[in-house]
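With the UniProt record's numbering, the residue at position 136 of the sequence shown is 136, and numbering never jumps. Heads up, the beta-carbon is just placed ideally off N, CA and C, and yes, glycines get one too.
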Amino acid sequence: MRTVICFGAALAAAAVLAVSCSRGAAGTAGFAADSVTEESVAFVQSAPAAKLAVRSAAAPAAAADAGLFAASGDLPSGQERKLVYTGSLEFTVKSLADFSAAVEEWVQAHGGYISSSAETTTGVSVTAHVPQARFHEAMAATASLGTAETKNISSRDVSEQFYDLETRLSTRRTLLERLETYLARASDMEDLLRIESEINDVTAELESMQGQMNRLEGQIEYARIDIFGRLPSHTTESGFRFPRMSEKFSGFLAGAVEFFADMFIVLLYAAVCGIPAVLVLAGIYWLAWGRAGLLRRLLKKVSRRPDENRDSASSRPE
């Protein structure tokens, strides 16, 4: 009998425990659902704060990557070094037309393009861009254009700038996606306007940074080569040109006239400014030491008084 009672009590306790556990689970589930709903509403209502949170969370990571790169000087594994190559050459040519045609053929042969060119009566300049992979090959092939008087090659490491900009772009895209999610879940008009304003700001930043990235990628993918060709001295496209003596003589006369004109201006300034000063000094001298001699007379009187005192003292009877 005792065994049956104990067994029944155990079953009752187990049933009570099961019921309480099920109620606890249901309460926990309800609490979790309420928490998710409240969290969603809170995110929508505090979208600007969420934006700041995303930026502040992403900024330290980007700064840490940049600091690591700057401190070590080496790229993280899996990242390729980004270099910008530039070159410049100067030639003395016999014909500007032939040289320009040869430069165009050279650019096309290496898969490049000409971004700008200028020509005068004595020279021509061309700015060409060739694929970076063929830069050194193209520079070596400039021997077909003639013997270069000067030849310069330089490279600039833009790896840090490139990957930093890439990280910032990724961060802004993530921020834009989150703001768009908040916008879809927002219901209050004030929140909608606030989130749309933030989206416009982030979109403008993205477009600006994307433009910087496009320009940087263009500089990396295509190396720049500046080519200058000039004719020998006193030579035009039609041939040698003797210097014109009339032009030289006219230049000499113009220089001489300009020199004497400058000298005349200097003398005129000296006369205008110097004559009054000389007159003032002459007047001071005339008043002090000249015919007026005011200062001279005063000094004489001062020098006579001691002599008179001495004479009067000696003439007194003892």
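- In the structure shown, Ala223 falls within a strand segment according to DSSP collapsed to helix, strand and coil.
- From the listed residues Asn152, Tyr163, Val93, the smallest Cα separation to Gly78 is found for Tyr163.
- Nearest C-alpha to Leu89 among Ile225, Ala138, Ala277, Tyr113: Ile225.
- Contact between His129 and Ser116 does not hold, since their C-beta atoms are separated by about 10 Å, which reaches or exceeds 8 Å.
- For Gln132 against Glu221, the beta-carbon gap comes to about 6 Å, under 8 Å, which counts as contact.
- Shown here, Ala186 sits in coil according to DSSP, grouped into three states, outside any helix or strand.
- Note that the C-beta distance between Arg172 and Leu83 is not below 8 Å.
- By the beta-carbon neighbour count (other beta carbons within 10 angstroms, threshold 16), Trp106 is buried.
- Judged by DSSP secondary structure, His136 falls within the alpha helix (DSSP H) whose first and last residues are 135 to 141.
- Separation of Ala186 and Met139 (C-alpha to C-alpha, rounded to the nearest whole angstrom) is 59 Å.
- Secondary structure at Leu231: coil, using DSSP grouped into helix, strand and coil.
- Between Gly87 and Asn152, the C-beta gap is smaller than 8 Å, which places the two residues in contact.
- When DSSP reads this structure, Asp262 sits in no beta bridge, so it has no partner.
- Tyr85 has its alpha-carbon roughly 28 Å from the corresponding atom of Glu205.
- With contacts defined by Cβ atoms closer than 8 Å, Leu176 and Ile199 form a contacting pair.
- Gly112 counts as buried, since at least 16 other C-beta atoms from the protein chains shown sit within 10 angstroms of its C-beta.
- In terms of Cβ geometry, Leu169 and Gln210 form a close pair [threshold 8 Å].
- DSSP, reduced to helix, strand and coil, places Ser154 within a strand of the structure shown.
- Beta-bridge partners of Pro131 (DSSP): Tyr222.
- Following the DSSP letters along the chain, one finds Leu96 inside the alpha helix (DSSP H) bounded by residues 96 to 109.
- Inter-residue distance for Ser144 and Ala102 is about 8 Å (C-alpha atoms, whole angstroms).
- Here the C-alpha atom of Leu295 lies approximately 6 Å from the C-alpha atom of Trp289.
- A check of alpha carbon separations from Glu119 across Ile227, Phe259, Thr203 identifies Ile227 as the nearest.
- Non-local C-beta neighbours of Leu279 in its own chain, meaning closer than 6 Å and more than five positions away in sequence, are absent.
- Contact between Thr92 and Arg230 holds, with the beta-carbon distance rounding to 6 Å and staying under 8 Å.
- The beta-carbon distance between Gln212 and Leu165, rounded to whole angstroms, is 6 Å. This is short enough to meet the 8 Å contact definition.
- When DSSP states are grouped into helix, strand and coil, Glu80 belongs to the coil group.
- DSSP, reduced to helix, strand and coil, places Gly87 within a strand of the structure shown.
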